[in-house]
Amino acid sequence: MATLDSKVPKGPIKDKWTTYKDKINLVNPANKRNIDIIVVGTGLAGGSAAATLAELGYNVKAFAYQDSPRRAHSIAAQGGINAAKNYMGDGDSNYRLFYDTVKGGDYRSREANVHRLAEVSGNIIDQCVAQGVPFARDYGGLLDNRSFGGVLVSRTFYAKGQTGQQLLLGAYSAMNRQIARGKIEMFNRHEMLDVVLVDGKARGIITRNLITGEIERHAAHAVVIATGGYGNVYFLSTNAM
Ligand SMILES: Cc1cc2nc3c(=O)[nH]c(=O)nc-3n(C[C@H](O)[C@H](O)[C@H](O)COP(=O)(O)OP(=O)(O)OC[C@H]3O[C@@H](n4cnc5c(N)ncnc54)[C@H](O)[C@@H]3O)c2cc1C
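Residue numbers for the sequence shown follow this note's numbering, beginning at 76 and rising by one.
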């Protein structure tokens, strides 16, 4: 039976991604402007990746099948975003967030990737706050937390019942700044049909222009796939926008 190679780095779970990052080839800052990156999807994952890559100097082409990045499914998320900052002093840690998330995912997640998510969870909140996301605050002005999603501690950062919408507006604003700078070329209403592999590496995509029906090809040095999860199969994805 064929098995999927998810290319998770080797080593103990808690060290896999840290070790990988310590050893990965670096790109000289002056060379980043010579490298093209395709990002497929402009939800919270793709939108923030595109904005960050462009801010670093890479040339980004971003693709979405909706008529605006703001219409990604991420806009429907409500409850909040978990991070192990332990602001409530209830004993939270990266390990506890990792454990809760693996358990909450019915033990079906890629555990090393969940560990990485827990490690960077605090930084994600800091980045969102820097982007201007209006997370709820307590009366003293500090970021508030609530308990959400069946976890044992209060670690959810939230913006009323519209966290996804506010987060997406933050990512979308950062992205628009890069579109205006000419560092992101935005392709709305383009559906990826296939990935172009050269020597086993993704070097481009084939798309359909949903306005004209034209099949197009786009090349790059790397391709980031951020096309969301199974949420897209629900009618809600079109209804909620
Ligand atoms: C009602 C609801 C509530 C939720 N509440 C929470 C919550 O409280 N906390 C939480 O952490 N999570 C929550 N989630 C889950 C969370 O919203 C999603 O996991 C997350 O937003 C997914 O983000 P994404 O960027 O990966 O994908 P998406 O936001 O789905 O974006 C996918 C992008 O890929 C593009 N795309 C897809 N296929 C193609 C293609 N073939 N060609 C071109 N472009 C393509 C789309 O155009 C879109 O831009 C909730 C989800 C829903 C639906």
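C-beta atoms are modelled at their ideal positions from N, C-alpha and C, and glycine is treated no differently. Quick caveat, the model's predicted, so the values are computed rather than measured.
Measure the beta-carbon distance from residue 265 to residue 113 and round it to whole angstroms, keeping in mind my assumption that it falls under 8 Å. Within the sequence shown, residue 265 is the residue found at index 190, counting from 1. Within the sequence shown, residue 113 is the residue found at index 38, counting from 1. Contact doesn't hold; Cβ gap of about 11 Å is too wide.
For residue 235, the three-state DSSP class (helix, strand or coil): In the sequence shown, residue 235 corresponds to position 160, counting from 1. Of the three classes helix, strand and coil, the one that applies to residue 235 here is coil, per DSSP.
Grouping DSSP H, G and I as helix and E and B as strand, with all else coil, what is residue 136? The residue labelled residue 136 in the question sits at position 61 within the sequence shown. DSSP places residue 136 in strand when its eight states are reduced to three.
Is the Cβ-Cβ distance between residue 230 and residue 220 less than 8 Å? Here residue 230 refers to the residue found at position 155 when the sequence shown is read from its first residue. Here residue 220 refers to the residue found at position 145 when the sequence shown is read from its first residue. Yes.
Within 10 Å of its beta-carbon, does residue 316 have 16 or more other beta-carbons around it, so buried, or fewer, so exposed? Indexing the sequence shown from 1 puts residue 316 at position 241. With a pLDDT of only 37 at residue 316, under 50, the local geometry of the prediction cannot be trusted, and the value read off the model is given with reservation. By the 10 Å Cβ count, residue 316 comes out exposed.
Going by the C-beta, is residue 149 closer than 7 Å to any heavy atom of ligand 1? Residue mapping note: residue 149 aligns to position 74 of the sequence shown, counting from 1. Residue 149 Cβ: within cutoff of ligand 1.
Just to check, is the beta-carbon of residue 141 closer than 7 Å to a non-hydrogen atom of ligand 1? Along the sequence shown, read from residue 1 onward, the residue named residue 141 stands at position 66. True, at least one ligand heavy atom lies under 7 Å from that Cβ.
Ligand 1 heavy atom lying under 7 Å from the CB of residue 94: Mapped onto the sequence shown, residue 94 falls at position 19. No.
Going by DSSP, what residues sit across from residue 269 in a beta bridge? Here residue 269 is taken as the residue at index 194 of the sequence shown, counted from 1. Answer by DSSP bridge pairing, in chain order: 281.
Among 167, 84, 127, which one has its Cα closest to the Cα of residue 248? Here residue 248 is taken as the residue at index 173 of the sequence shown, counted from 1. The shortest Cα separation from residue 248 among 167, 84, 127 belongs to 127.
Whole-Å CB distance - residue 303 paired with residue 148, under 8 Å assumed: The sequence position of residue 303 within the sequence shown is 228, counting from 1. The sequence position of residue 148 within the sequence shown is 73, counting from 1. Residue 303 to residue 148, Cβ: 5 Å. Contact.
For residue 153, is the beta carbon positioned less than 7 Å from some heavy atom of ligand 1? Position 78 of the sequence shown, counted from the start, is the residue given in the question as residue 153. Residue 153 Cβ: within cutoff of ligand 1.
Could you say which of 118, 136, 170 lies nearest to residue 242 if we only look at CA atoms? Within the sequence shown, numbered from 1, the residue matching residue 242 stands at position 167. That would be 118, whose Cα lies nearest to the Cα of residue 242.
Out of 153, 152, 181, 134, which has the shortest C-alpha to C-alpha gap to residue 256? As a working note, residue 256 is residue 181 in the sequence shown. Of the candidates 153, 152, 181, 134, the one whose C-alpha sits nearest the C-alpha of residue 256 is 134.
Is any heavy atom of ligand 1 found at a distance shorter than 7 Å from the C-beta of residue 238? On the sequence shown, position 163 is the one that residue 238 refers to. Checking every heavy atom of ligand 1 against the Cβ of residue 238, one is found closer than 7 Å.
Nearest neighbour of residue 317, chosen from 253, 138, 139, 190 [CA to CA]: This structure leaves residue 317 out entirely; the chain is present only between 76 and 316.
Would the segment 149 to 159 and the segment 167 to 175 be scored as touching if the rule is three or more Cβ pairs under 8 Å? yes
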